[in-house]
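One structure is given below, encoded as structure tokens.
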Amino acid sequence: LDGTGFDSTKANADDFIRLSTADTDGDGDTDDITVSVDLDGGGSAHRMVTVFDLTNPVGVDGSTDPLSITTFNNENNVVS
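Residue numbers for the sequence shown follow this note's numbering, beginning at 53 and rising by one.
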């Protein structure tokens, strides 16, 4: 997220990272999580794009704050 306007010290993670419930494993339950990112947050040049899915994760759901499960290197906002 380097160069995108994202600041891990501010509460704007929802503009850049989204957790959504889904049925990615096809079991009929929306107990999986789709993780999406938007490179320019509130800007219009990019849109949310799914980066990966979490299948039946424990302790994470669609209401989980992305900052609570994401680690950033504050020098250049590298995400892990």
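Positions of the beta carbon are idealized from the N, C-alpha and C atoms, including for glycine.
### Query
Over what stretch of residues does the beta strand (DSSP E) that includes residue 67 continue unbroken?
Numbered from 1 along the sequence shown, position 15 holds the residue referred to as residue 67. Judged by DSSP secondary structure, residue 67 falls outside any beta strand (DSSP E) and instead within the alpha helix (DSSP H) spanning 65 to 68.
### Task
Reducing DSSP to helix, strand and coil, say where residue 96 ends up.
What you label residue 96 is simply residue 44 of the sequence shown in a count that begins at 1. Residue 96: coil per DSSP, three-state reduction.
### Message
Whole angstroms are fine: how far does the CA of residue 85 sit from the CA of residue 69?
### Response
In the sequence shown, the residue the question calls residue 69 occupies position 17. In the sequence shown, the residue the question calls residue 85 occupies position 33. Taking the straight line from one Cα to the other gives about 12 Å.
#### Entry: Span of the beta strand (DSSP E), counted from its first residue to its last, around residue 105
In the sequence shown, residue 105 corresponds to position 53, counting from 1. From DSSP, the beta strand (DSSP E) with residue 105 extends over 101 to 106.
### Message
Using only CA atoms, which one of 65, 121, 123, 122 lies nearest to residue 92?
### Response
Residue mapping note: residue 92 aligns to position 40 of the sequence shown, counting from 1. Comparing Cα-Cα distances from residue 92 to each of 65, 121, 123, 122, the minimum goes to 65.
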